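>
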Amino acid sequence: YWMHIEIPAAATLQDLDRFLRKIWLECCGHLSMFRIGEYNYVSYVEDVYDYPEDRDMRVPLGDVLEPGAAFTHEYDFGTTTYLTLKVIEDRTGVPSGDDLVYIMARNEQPEILCSACGNSPATEVCAACIWDGSGWLCDDCAPDHECGEDMLLPVVNSPRVGMCAYMGEIEDYEDFDDFF
């Protein structure tokens, strides 16, 4: 999974975290963290006073990142989703879109075949069976899966597919804002 985005240098790590949660990660309000150099920038800094190296995400991107900088993001410290990020370039000008974060390019959802029949694209994944590489199910095979319907999650275009209770991109920013 990959994505190229544009975001202003004045936006904060918290803004970037919120975008990543909305588009790829959010399921249950888990903690998250960026690792930049020797510092961790955490979503809930008040919970980690024992770790002086941890910092708050409410810092402008331009203060902690520069072109060429590679850094990571972690969401959910149980079924963790790890993202590798890189600043490609900075530019001067007007933002490309109306939103704070503009998606410039993104992968198409990979087609994964049903692990039961092997013939049709998977539309559901079993949150238990995904750990052994199986559990990818098409519409015809999903109702007969031994773990039951309650374990099935939709197959979505996200590195978090099949994890925890992830159901896909949050479409409505207002609902997302109410979540936090």
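Sequence positions in the sequence shown follow the numbering used here and run 1121 to 1300.
Cβ atoms here follow ideal geometry from the backbone N, Cα and C, with glycine treated the same way.
If you're wondering where the values come from, they're calculated on a predicted model, not measured in any experiment.
Take E1126 as the anchor and find which of G1182, G1255, D1174 has the nearest alpha-carbon.
Residue 1126 sits at position 6 when you count from the first residue of the sequence shown. It is G1182 whose Cα lies nearest to the Cα of E1126.
> Quick test of your reading: R1155 and F1191, contact by CB under 8 angstroms. State the CB separation rounded to the nearest angstrom.
Residue 1155 sits at position 35 when you count from the first residue of the sequence shown. Residue 1191 sits at position 71 when you count from the first residue of the sequence shown. Yes, they are in contact, since the Cβ atoms of R1155 and F1191 sit about 6 angstroms apart, within 8 angstroms.
> Could you give the residue range of the alpha helix (DSSP H) that holds L1181?
Taking the first residue of the sequence shown as position 1, residue 1181 is located at position 61. Looking at the DSSP string, the run of the alpha helix (DSSP H) that includes L1181 is 1181–1184.
> When the Cα of L1133 is compared with those of A1225, L1220, P1263, V1214, which residue comes out closest?
Position 13 of the sequence shown, counted from the start, is the residue given in the question as residue 1133. Measuring from the Cα of L1133, the nearest candidate turns out to be L1220.
> At what residues does the alpha helix (DSSP H) containing L1305 begin and finish?
Since the displayed the chain opens at 1121 and closes at 1300, residue 1305 lies outside it and no answer follows.
> Output needed for P1241: all residues of its chain with C-beta closer than 6 angstroms, excluding positions within five of it in sequence on either side, in chain order.
Working through the sequence shown from its first residue, we reach residue 1241 at position 121. Around P1241: E1231.
> How would you label V1162, buried or exposed, when you count the other beta carbons within 10 angstroms and need 16 or more for buried?
In the sequence shown, counting from the first residue as 1, residue 1162 sits at position 42. The residue in question, V1162, is buried, as its Cβ has 16 or more Cβ neighbours within 10 Å.
> Just grab the DSSP bridge partners of C1246 for me.
For the purposes of this step, residue 1246 is taken as residue 126 along the sequence shown, with counting starting at 1. According to DSSP, which records beta bridges pairwise, C1246 is partnered with L1272.
> What do you get for V1214, buried or exposed, if any count of 16 or more other CB atoms within 10 angstroms of its CB means buried?
Translated into positions along the sequence shown, residue 1214 becomes position 94. V1214 should be labelled exposed.
> In terms of residue numbering, what span does the beta strand (DSSP E) encompassing F1085 cover?
Look at the range of the chain in this structure, 1121 to 1300, and you will see that residue 1085 is not part of it.
> Identify, in the order they occur along the chain, each residue of the same chain with its Cβ nearer than 6 angstroms to the Cβ of S1278, setting aside the five sequence neighbours on each side.
Numbered from its first residue, the sequence shown carries residue 1278 at position 158. W1144, listed in sequence order.
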